[in-house]
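Chains as they are written, first to last, in this note's numbering: chain A, 196 to 380; chain B, 196 to 380; chain C, 196 to 380; chain D, 196 to 380. Note that beta-carbon positions come from the ideal geometry of N, C-alpha and C, so glycine has one too. Note that the structure is predicted; figures quoted are calculated from it, not measured. Encoded as structure tokens, the structure appears first; notes follow it.
4 protein chains.
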Amino acid sequence: MADFPKLTAALKKRAAQIKVLLMDVDGTLTAGGVTLLSQNDGTALEIKTFDAHDGQGLTLAHAAGLRTGCITGRESPALLRRAREMKMEFIYMKQPSKMHAYEEILRKAGVTDSAVAFIGDDLPDIPLMRRVGLAVAVGDAVPEVKETAHYITKNLAGHGAVREAVELVLKSKGIWAEMIDKARA
Amino acid sequence: MADFPKLTAALKKRAAQIKVLLMDVDGTLTAGGVTLLSQNDGTALEIKTFDAHDGQGLTLAHAAGLRTGCITGRESPALLRRAREMKMEFIYMKQPSKMHAYEEILRKAGVTDSAVAFIGDDLPDIPLMRRVGLAVAVGDAVPEVKETAHYITKNLAGHGAVREAVELVLKSKGIWAEMIDKARA
Amino acid sequence: MADFPKLTAALKKRAAQIKVLLMDVDGTLTAGGVTLLSQNDGTALEIKTFDAHDGQGLTLAHAAGLRTGCITGRESPALLRRAREMKMEFIYMKQPSKMHAYEEILRKAGVTDSAVAFIGDDLPDIPLMRRVGLAVAVGDAVPEVKETAHYITKNLAGHGAVREAVELVLKSKGIWAEMIDKARA
Amino acid sequence: MADFPKLTAALKKRAAQIKVLLMDVDGTLTAGGVTLLSQNDGTALEIKTFDAHDGQGLTLAHAAGLRTGCITGRESPALLRRAREMKMEFIYMKQPSKMHAYEEILRKAGVTDSAVAFIGDDLPDIPLMRRVGLAVAVGDAVPEVKETAHYITKNLAGHGAVREAVELVLKSKGIWAEMIDKARA
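Take a look at the structure:
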């Protein structure tokens, strides 16, 4: 995992307010590969690869009281299983537009934009990133997404980018060291 | 995704005329891995990994009115499913020679060579690349293919090479910014 | 495989005493991807990728008389099959805390902490790494794990890190060259 | 694909005599990952990833009259299917020692050591590499294998190493350009 960039006071202030951490899936929580297994009946099953370090980070986030979730245009049992393993509360699949899901999550969580972080990598993530309190682009996001972000991770999608975003939030809240101590106790 | 190289006037002129964007599959639309899953009955099923950014690019190309397609020597339900997700119109699998499929696409699309772009990576792609108006080699193509190309992508196959070719065409047509605005609206 | 760093006398002394080589799985014996295959019934199957060089290394370790094993929070037939192929004696899956498994292995093997090496990559590995005689962090471990380690591999997880740890132990015991000669006889 | 190193006269002489091109599988014809898919019945199925460029190279070798084959300790329908697609004539799986298979191939092909090339990556390949006329180590072979090789590929296993070995042989025979011309005709 790459070193952590210096955090500005303005960024820390944004990150310290986050209560809900949302993210895109393909190219954000995964490395961006869309993998399909051909079946003999002419259909194909979806394979997804998540990152073990991201998973530890999201479990840590959950333990620290952050609520987490994902919003994606695709649908797969693979994502569903992994999202549950990582204690995600909000799992929105098959969303043609992400804004509708986002607003439903705001209502359910009882928070406003400033308490939400969103991590994304491509054009459909931009509308959401313009609304949330903390917009994070993964290190290999497209240029237009990087321009929209408050923070660009040093780590790449599917290789620690989400873990880095979790660290950003927990460090800004001043509870990272405490969570680490618990995790390695 | 790597930065975009400067485009010459001659290249822009070629790219601005493209109406049909065709491509090879293995090593062009995928990273070049041929992945097989062993079955207990002694057969094997094919797994293919596509790139989420490439997919967004092809969806954008479709929205911009470009017609897209692929020509490959192999056949798999995985490709078929992904090609449909990305709104491809011309899907030619199991083609021992690519020229026959190419000429059929020309007839169906009602265009001539100068309106077609082809993206490839290996020797069997060269005959087609010599005919089309815009020949694109992926960044990790073999040397002989790179020598034949009008444009070599900075991005690698299965990691944004096709997205970069889409950008090249839409930017040369002067409609990239407009498409981006729509996509992130 | 990257070059081997110089070994200090203190490190060699630790490594020479090792009789049992234990390790984490995801992100240590694999590259850290958690890969899931969607099924039509809404469940997902787990896919794991191990490294051929690591496998040869563990087979060599077994031939040299080292006892090997893994402790992981997850459970999968893929791991079970691979662990057996690599002649692992201690296979502990589905362990919420790794310490319980560790102490059971100590009893079964009839050794104390100083005769055990543990290879890890993330926070849950730290308590074990603080106890064992030789704590090894893979090259892409999180910073907190690297700080706890006696040795950080140059190779990355799932790409030779475990092989490097095996070499470290066998070289420190002065039996690496002999094992190589047997293997290539 | 990386650039091709300069060939010495001695190396060309060795390579020009090759009639049979043999190779290891895991870590040579694949990138070295051993990938297993867990099944609900507690067993696991093997997944193998081959390289499209290697495949084109082996097809080209076959067209040029070279006889090709593989010798491996593992067994999988995935390898069997791919080996046939690439027109391999000698397919030896489940070989505890590779020498027995090698000698059977010599008899079947009616050639002596000097007409055989072998490509490998790890310790069990060394005995064979010491006998054949041309011993090739993939770019990411272990140090002991590199020391045994007449040629070390610039490309890595599963990413063009085998293609490079095919080029080495066909170029040394002075028929590479001719084969390329046929392939792209």
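C-beta contact flag for residue i and residue j at 7 Å
i      : j      : result
D/T223 : D/A312 : no
B/L216 : B/T263 : yes
B/P395 : A/G237 : Not covered by the structure: residue 395 of chain B. The range shown for chain B is 196 to 380.
D/A205 : D/V364 : no
A/G250 : A/M281 : yes
C/R277 : D/L231 : yes
C/C265 : C/V327 : no
B/A344 : B/K214 : no
Beta-carbon separation (whole angstroms), residue i vs residue j, contact threshold 8 Å
i      : j      : result
C/V331 : C/L318 : Incorrect: roughly 16 Å between the Cβ atoms, too far for contact.
B/A258 : B/M374 : 7 Å
A/A296 : A/V333 : Not a contact, Cβ separation roughly 19 Å.
C/T225 : C/T244 : 6 Å
D/L274 : D/M288 : 7 Å
B/E339 : B/I321 : 7 Å
B/I242 : D/I242 : 7 Å
Short CB-CB distance (under 7 Å) between residue i and chain D
i      : result
B/S246 : Checking the sequence, you will find Asp at residue 246 of chain B rather than Ser. Judged by the 7 Å Cβ criterion, B/D246 is not in contact with chain D.
C/G269 : Residue identity differs from the one stated: residue 269 of chain C is Arg in this sequence, not Gly. Taking Cβ atoms only, chain D never reaches closer than 7 Å to C/R269, which makes this a no.
C/R302 : no
C/R276 : yes
B/S292 : no
B/E342 : no
C/A378 : yes
B/E339 : yes
Classification of residue i by the beta-carbon crowding that lies within 10 angstroms, buried from 16 upward
i      : result
A/M196 : With a pLDDT of 43 at A/M196, under the threshold of 50, the modelled position of that residue is not reliable, and the figure given next carries that caveat. Classification of A/M196: buried, given that the 10 Å Cβ count is 16 or more.
B/R302 : exposed
D/A360 : buried
D/S233 : buried
B/N350 : buried
B/R325 : exposed
C/K368 : buried
B/G268 : buried
A/G252 : buried
C/T348 : buried
D/D376 : exposed
D/E362 : buried
B/A372 : exposed
Min CB distance residue i to chain C below 7 Å
i      : result
A/L365 : no
D/G222 : yes
D/V357 : no
D/T230 : yes
D/G237 : yes
D/G227 : yes
A/I375 : yes
D/E298 : no
Cβ of residue i within 7 Å of any chain A Cβ
i      : result
C/L318 : yes
C/A197 : The pLDDT assigned to C/A197 is 44, lower than 50, so where the model puts this residue is not dependable; a value taken from the coordinates is nonetheless given after this. No, because no Cβ of chain A sits closer than 7 Å to the Cβ of C/A197.
C/G252 : no
B/I370 : no
B/A273 : yes
C/S233 : yes
Residue i at chain B interface by Cβ criterion, 7 Å
i      : result
D/I242 : yes
D/I321 : no
D/L202 : no
D/A258 : no
Proximity test, residue i beta-carbon vs the ligand FMN heavy atom, cut-off 6 Å
i      : result
C/V306 : Annotation note on the ligand FMN: not contained in the displayed structure, which lists no ligands.
In chain order, each beta strand (DSSP E) run of at least 3 residues that lies wholly inside the segment 284-333 of chain C: With a minimum length of 3 residues, the continuous beta strand (DSSP E) runs that stay inside the segment 284-333 of chain C are 285-287, 311-315 and 329-332.
Complete beta strand (DSSP E) runs within the segment 203-263 of chain A (minimum length 3 residues, chain order): 215-218, 228-233 and 239-246, all fully within the segment 203-263 of chain A.
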